[in-house]
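Take a look at the structure set out below.
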Amino acid sequence: VAYLIVFHVIFVLFVWTYWKSIFTLPLQPDKKFHMSYADKERYENEERPEVQRQILVEIARKLPVYTRTGNGAIRFCDRCQLIKPDRCHHCSVCAMCVLKMDHHCPWVNNCVGFSNYKFFLLFLMYSLLYCMYIAATVFKYVIKYWTDELTNGRSKFHVLFLLFVAVMFFLSLMFLFGYHCWLISRNRSTLEAFSAPVFQNGPDKNGFNLGFKKNLQQVFGEEKKLWLLPVVSSQGDGHSFPMRMLCESQNPLLANEEQWGDDGLDEENHVSDSSDLVNEHRT
Ligand SMILES: [Zn+2]
Ligand SMILES: [Zn+2]
């Protein structure tokens with residue numbers, strides 16, 4: 003009875019998080035990131051690429067976008083006709099731009115992004131726990147099977163199959179979960195881990211890294227009692243994210259914490275660099 007109670011608690015959490023990962027719709031960028039009719043006409047009628055680029059710069063001026071393409075242009079989605087918010091990417095499977103897109107997951111047949119990243123992580127965690135629990139509770143019967151103590155012949159196959167499937171899924175999920183834990187600790191999405199986000203002063207793979215605690219809070223929220231439940235608690239609206247550079251220039255103490263290495267002189271240089279960047283944003 004004790005085994006059954008624990009089993010069902012884990013089972014409910016596992017199914018609940020799986021359900022939320024599958025059925026939470028990926029979020030599209032807000033209306034203000036879409037091109038207005040007039041802008042669209044001006045952009046499409048223009049043939050010179052450098053003027054097109056300038057048009058995008060003008061439109062993006064009133065939007066909170068700080069990331070750029072590899073060659074320094076404003077990130078624009080041709081298919082959705084919108085200025086891509088920071089960390090947003092176009093998913094060709096969903097045929098739309100997805101806020102803070104992480105990856106398109108065939109196992110949940112959904113895009114993993116800002117709207118369901120927390121649910122996806124909890125799903126990985128609870129499925130690991132579920133597999134581990136099954137493997138641990140069935141192990142006793144595998145031993146019995148081995149030593150020929152199992153009287154019911156038909157359950158032999160069930161017992162072996164259960165252990166095999168549970169261990170197999172546990173091992174493969176363990177690597178995926180471990181990888182995502184590492185990503186959260188650095189505040190990177192899977193896509194950003196493959197190619198670093200580009201800012202106005204070049205690519206920076208740690209551009210959104212605010213330190214372990216703040217990175218964790220960004221995904222799971224500040225209320226610890228909601229961390230383990232698949233309910234919405236992530237910080238922000240998915241359109242803009244605090245950046246290391248801006249946070250440091252507003253709070254110089256942050257700069258001394260860990261990110262810039264040990265050289266004091268170097269830190270000063272970096273901080274003045276970042277305040278230059280802020281001025282650039284404002285102008
Ligand atoms: Zn798009
Ligand atoms: Zn997708």
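Numbered per our numbering, the sequence shown spans residues 3 to 285. Even glycine gets a Cβ: it sits at the ideal position worked out from N, Cα and C.
Check                                                                                                                       : Outcome
Where glycine 209 falls: helix, strand or coil (DSSP)                                                                       : coil
Span of the alpha helix (DSSP H) around methionine 127                                                                      : 119-148
Aspartate 264 - DSSP class collapsed to helix/strand/coil                                                                   : The predicted model places aspartate 264 with a pLDDT of 38, which falls under 50 and marks its position as unreliable; any figure quoted below should be read in that light. Reduced to three states, the DSSP call for aspartate 264 is coil.
In DSSP terms, what methionine 37 is bridged to                                                                             : Its beta-bridge partners do not exist; DSSP assigns none.
Terminal residues of the alpha helix (DSSP H) in which asparagine 2 lies                                                    : A query on residue 2 cannot be resolved here, the shown segment of the chain reaching from 3 to 285 and no further.
Histidine 182 and leucine 123 closer than 7 Å at C-beta                                                                     : yes
Which of helix, strand or coil DSSP assigns to cysteine 82                                                                  : coil
At least three beta-carbon pairs within less than 8 Å, the region 188-197 to the region 146-161                             : no
Close-in-space but distant-in-sequence residues of the same chain around phenylalanine 9 (CB under 7 Å, 5 per side omitted) : Tyr135
Ligand 1 heavy atom lying under 6 Å from the CB of histidine 160                                                            : no
Histidine 105 beta carbon near ligand 2 (any heavy atom closer than 6 Å)                                                    : no
Pocket of ligand 1 (residues with CB nearer than 7 Å to any heavy atom), chain order                                        : Cys79, Arg81, Cys82, Leu84, His92, Met98 and Cys99
Check whether glycine 223 and serine 242 have beta carbons under 7 Å apart                                                  : no
Where the alpha helix (DSSP H) containing cysteine 96 begins and where it ends                                              : Per DSSP, cysteine 96 belongs to no alpha helix (DSSP H) and is neither H nor E.
Of the listed residues Leu165, Asp88 and Cys113, nearest to cysteine 133 (C-alpha basis)                                    : Leu165
Among Phe35, Gln56, Cys107 and Phe25, nearest to cysteine 79 - alpha-carbon criterion                                       : Phe35
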